[in-house]
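Working notes, beginning with the structure itself.
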Amino acid sequence: MNPIKKLDASLSNKIAAGEVVERPASVVKELVENAVDAGSTKIRIAVAEGGLQSISVLDNGAGIRLDELEAAFSRHATSKIQSDRDLFRIRTLGFRGEALPSIASVSRLTLMTSPDGAEGGKIVLHGGEIQSRTQSPPKQGTEVIVEDLFYNTPARLKYLKTIHTELGHISDSINRFAMAHPEIAFELTHDERTLLKTSGSSKLLQVLQQIYGLQAARGMRRFEAETDDFTIEGYAGSPVDARASRSYLTFVFNGRYVRSIPLAKAVQAGYDQLLPIGKYPICCVHVTLHPLLMDVNVHPSKLEIRLSKEKELQHLLEETIRGVWNKEAVIPSMQEPFSREEPTVSGDNASSSREKAPSGKSEATSFDFFYPSEETSRNGTTEAVRETIRSQPETQDIPERRAAAASPDRSSAEVQEEPAVSRVPELHVIGQFHGTYILAQNDDGFFMIDQHAAQERINFEYFLDKLSSPSREMQDLLVPITMELSGSDAAFIDENKEVLAEAGLVLEHFGGPVYRIRSCPVWFPEGMEKETAEELMMELKQHQDLRLERVREDAAAMMACKAAVKANHHLQNRDMEGLIREWSSCRQPFTCPHGRPVMIHYSVYEIEKMFKRVMN
Amino acid sequence: MKFTIQRDVFVQNIQHVSKAISSRATLPILTGIKIVAFDDGITLTGSDSDISIEAFIPAEDGDNSNVDIERPGAVVLQAKYFADIIKKLPESTVELTLNDQMVTKIRSGSSEFNLNGQDPDDFPRLPEVEEGSQFTLKTDLLKALIKQTAFAVSTAETRPILTGIHWGMESEKLMCTATDSHRLAMREAGVEESGDVEFTNVVIPGKSLTELSKILDDSEETVDVTVTDNQVLFKATNLLFLSRLLDGNYPATKNMIPSQSKTNIQVPAKQLMAAIERALLLSDGKNNVVNLKSLNENELEITSVTPEVGKVTESVSCDAFEGEELRISFNGKNIIDALRVIESQDVAIQFTGAMSPFIMRPADRDYMLHLFSPVRTY
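Right under this line is the structure:
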């Protein structure tokens, strides 16, 4: 047995690197965090070969004092927090003092910095060992170049994925930074190719357009709301642009991108039935809160946080987003299937969606990094940059498809004040297609309506009203319905018997795992008593309180589907007009209860374009 | 196989047998009708997983000649084509000829069809009904039993056992019970020729009995019933009707029926039914909750409220009233269903308070009983 001894610095740095530096993207993330914390207004990231060959991060921030250069590479050395107290009031992205030494220990690292633009220092480390310390050109800010990452940890190198994957991660990371800090101009290049370039104009929508493309940005709606503890603002993407992955949700807490499943669920809940199953909206939410309310020190990667008052925030977010979409017309337009690309946050695709933006724009947003002397701080944006921003076409000026739709800039509060007019345009029935779709027209173009979905929506709202009318009646069952419950469920039921009885569901223990439903509310759909009862219990279990509306919603959706006209059912013109009239007056007419669209729109322009009557 | 048959007789029997044929059969051959020609007549067979029906068309029926059989044989023909063809043929007789390739030539007057058939040996044999409990019922009684109970079965497949009608026989009395757990219908019948048969927990699918009741010929005097562990066979002169029984234990219904009552009333069935029907007009086919209140010794008030529509108030005079004052709510549609099958002029209703099930039966008979669970406010 070897004797116990303290590990030397280089070994412990390598061990720490195992946590912090997982892949090239983590290096990029740590370095960019430093750049952001240094108060930069421009950050340029250049990577070669997915970051394996080299990563360079250049900023115009505060720089490192030359006499502290060596200290920056010792472990747990940081300028970001000073005392215990600070650990619970973290306002910077970094605080652990681990990133630089960890990265240095697994790569060849060069750092050039100038804290005042008058004097510059350069330090070179290989595998964590200082190789040289020289002068560098006095350029405000810091540049870190990381080369040959993992050259001395072959095991880690072996497990890296393809260049493409690594680049995807880097690109994703920078995209999140750009969304978190629209006030900072980011530029990401890979092997000389520009993948992302933001203007640093503080306009979040512009950043979102750069990342997700014009089409998605056009459909986005701004929201903001406030409670005593939280301020939230951001943009919610149109349900039409929903994606199949949660990764299109970005949550930014005090400038830090974090992942949060509870909040993702809140966003989804806010969209109600506008989203089909398994689809997630594109959404960027900025949360401002007192640093005391969140604990970042959960994991070295700092992607997860613990949040006090999470429920409150969830509720706020859900209601705010619901407010956005409750008054909106959400009609998929036929243009999309043709031009729709799936911009993802990963590298190559992000660039392709960016190219969809008007070409003049990326030029307009370009800026030059190599005249840093004019720049002093984050707040002092140069006149030149301001000029170019002003001359850009404002994303908000994109012509709206529907006059009725609120402009993206409008706050949710304003939207809610709008009078409740029908959001469905007036339609004239042309006929029926395959006994399944109603064809209709108006001045705006051509519409197809899924008759089953429309009927389902009508039924759904009808049943929902029916079910939510406060009839407090319950039906005793001559033959009780038996259900078997697991031990934990049974304990839960025993505990909550009164709550359930309060809702009209009377359960009794029948021995062993078996419980019997003695009475159930009259609104329980016939033949679905057991399912609805189970749903009720699930609801109570999940949310700790019984929000019957939700249970009723599910029950109503089941009933609505059963009662609706099926596809392949031929209708008279009069019936179709009646159906459309009734459907137009629904509260949320654009999707069926399962989130599928009810109506599709071809504008006159799109049709003329297809017939080549217009050529652009 | 070759025979000539009277078309009307053929059509009627095909229709009977078709009741057992499902277009969604799991076994493709079960979408067909099996036709077998014997020297003395023809049998038609249809079967699905629940019921099997075999109809026999005798060559000679009294003075009438139904079928003229030249050559016996057998074939299975697709029911959906065959039934429609026979129905639409021009003449009053049809000639069927089967060739070696299982192609059946159907000829009537100027019309000729050649229908591809399937091998009759592939058609599953009807389950043998071994010795079971056997008894005989009068046809009209059987039909009444079915009519007076089948309406109360559950339509929800979630508890399959409740989609059936429970038959139990004890000391020469057949007791039929059906419930969907909101209401229960019971009908008792004396069976003279029961031959000491006793059984319990025989649950026949409600749908099977409804079909049986449709095809039973009123001219038939009696039907022989054989009950086995998993099948029930109804046998009339020229008809075999076989149904699967439902698996599982039927709930014990006897102890559901309250033995005492607090309020007894007697009302004319027609007036009660009309009043409830009107009260339901506002409920829009949903909920169907009707409230009943005793005003005085000879008057009841029936009300129904649908908040978004309005309110209705009805008053019904009762022939007899004894016991406590009453205020109760129930599903009006269930009461109407029961009133429809009660043939008597007056009905007697026994309540045991607003929280307990109540009983309704014909005032002049005690072989029938309907039980209803009230609706309560929580």
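The listed protein sequences derive, respectively, from chains A and B.
For the first sequence, the positions run 1 to 616 when full-length UniProt numbering is used.
For the second sequence, the positions run 1 to 378 when full-length UniProt numbering is used.
Quick reminder that beta carbons are idealized off the backbone N, C-alpha and C, glycines included.
- Rounded to the nearest whole angstrom, the C-alpha separation of residue 87 of chain A and residue 295 of chain A is 9 Å.
- Rounded to whole angstroms, the gap between the alpha carbons of residue 61 of chain B and residue 205 of chain B is 33 Å.
- Against chain A, the CB of residue 4 of chain B has no partner CB under 7 Å away; the residue lies outside that interface.
- Between residue 580 of chain A and residue 439 of chain A, the C-beta spacing is not below 7 Å.
- With a minimum length of 3 residues, the unbroken runs of beta strand (DSSP E) contained wholly in the UniProt domain "MutL C-terminal dimerisation" (429 to 571) of chain A fall at 437 to 442, 445 to 450, 473 to 484, 506 to 511, 514 to 521.
- It is roughly 20 Å from the alpha-carbon of residue 288 of chain A to the alpha-carbon of residue 237 of chain A.
- Residue-level contact by beta carbon fails for residue 537 of chain A and chain B, as no gap is shorter than 7 Å.
- Its Cα nearest to that of residue 95 of chain A, the residue A:38 stands out among A:493, A:172, A:38.
- Of all residues in the stretch 320 to 340 of chain B, those with a C-beta nearer than 8 Å to a C-beta of chain A are 329, 331, reading in chain order.
- Setting aside the 5 residues that flank it on each side, residue 111 of chain A is surrounded in the same chain by 123, 144, each with a C-beta closer than 6 Å to its C-beta; the list follows chain order.
- Residue 362 of chain B is outside the set of residues whose beta carbon lies under 7 Å from a beta carbon in chain A.
- Using a Cβ distance threshold of 7 Å, residue 256 of chain A and residue 378 of chain B do not count as a contacting pair.
- Within its own chain, the residues whose Cβ lies closer than 6 Å to the Cβ of residue 231 of chain A, once the five positions on either side in sequence are excluded, are 288, listed in chain order.
- The criterion of a C-beta distance shorter than 7 Å is not satisfied by residue 114 of chain A and residue 80 of chain A.
- Using a Cβ distance threshold of 7 Å, residue 117 of chain B and residue 77 of chain B count as a contacting pair.
- Straight across, the Cα-Cα distance linking residue 82 of chain B with residue 454 of chain A is about 40 Å.
- For residue 481 of chain A, the chain B residues whose C-beta falls within less than 9 Å of its own C-beta are 158, 159, 181, listed in chain order.
- In chain B, no part has a C-beta under 8 Å from the C-beta of residue 500 of chain A; the shortest such distance is about 11 Å.
- Here the stretch 44 to 52 of chain A lies against the stretch 179 to 191 of chain A, with 3 or more beta-carbon pairs under 8 Å apart.
- Residues of chain A with a Cβ closer than 9 Å to the Cβ of residue 373 of chain B are, in chain order, 475, 476, 477, 478, 519.
- Residue environment for residue 1 of chain A: exposed (fewer than 16 other C-beta atoms within 10 angstroms of its C-beta).
- Residue state for residue 333 of chain B is assigned as helix, using DSSP reduced to three classes.
- Note: residue 603 of chain A is bridge-paired with A:445 in the DSSP secondary-structure output.
- When the five nearest sequence neighbours on each side are left out, the beta carbons in the same chain lying within less than 6 Å of the beta carbon of residue 556 of chain A are those of 460, 463, 464, 467, in order along the chain.
- Nearest to residue 87 of chain B by C-alpha distance, out of B:145, B:159, B:9, is B:9.
- Taking C-beta atoms as the reference points, residue 288 of chain B and residue 303 of chain B fail to come closer than 7 Å.
- Interface annotation, residue 256 of chain B: in contact with chain A, CB-CB separation under 7 Å.
- Separation of the CB atoms of residue 178 of chain B and residue 156 of chain B is rounded to 14 Å, and the pair is thereby denied contact status at 8 Å.
- For residue 80 of chain B, no beta strand (DSSP E) encloses it; the enclosing alpha helix (DSSP H) starts and ends at 79 to 88.
- About 6 Å separates the CB atoms of residue 20 of chain A and residue 26 of chain A; that is less than 8 Å, so the two are in contact.
- Contact annotation: the stretch 58 to 71 of chain A touches the stretch 116 to 131 of chain A, with at least three C-beta pairs closer than 8 Å.
- Going by C-alpha positions, residue 240 of chain B is about 14 Å away from residue 58 of chain B.
- Rounded to the nearest angstrom, the gap between the Cα atoms of residue 56 of chain B and residue 37 of chain B is 10 Å.
- Taken in chain order, the complete alpha helix (DSSP H) segments of 4 residues or longer contained in the stretch 176 to 214 of chain A are 204 to 212.
- Straight-line spacing of the CA atoms in residue 374 of chain B and residue 52 of chain B works out to 39 Å.
- Residue 148 of chain B is classed as buried because its beta carbon has at least 16 other beta carbons within 10 Å across all chains shown.
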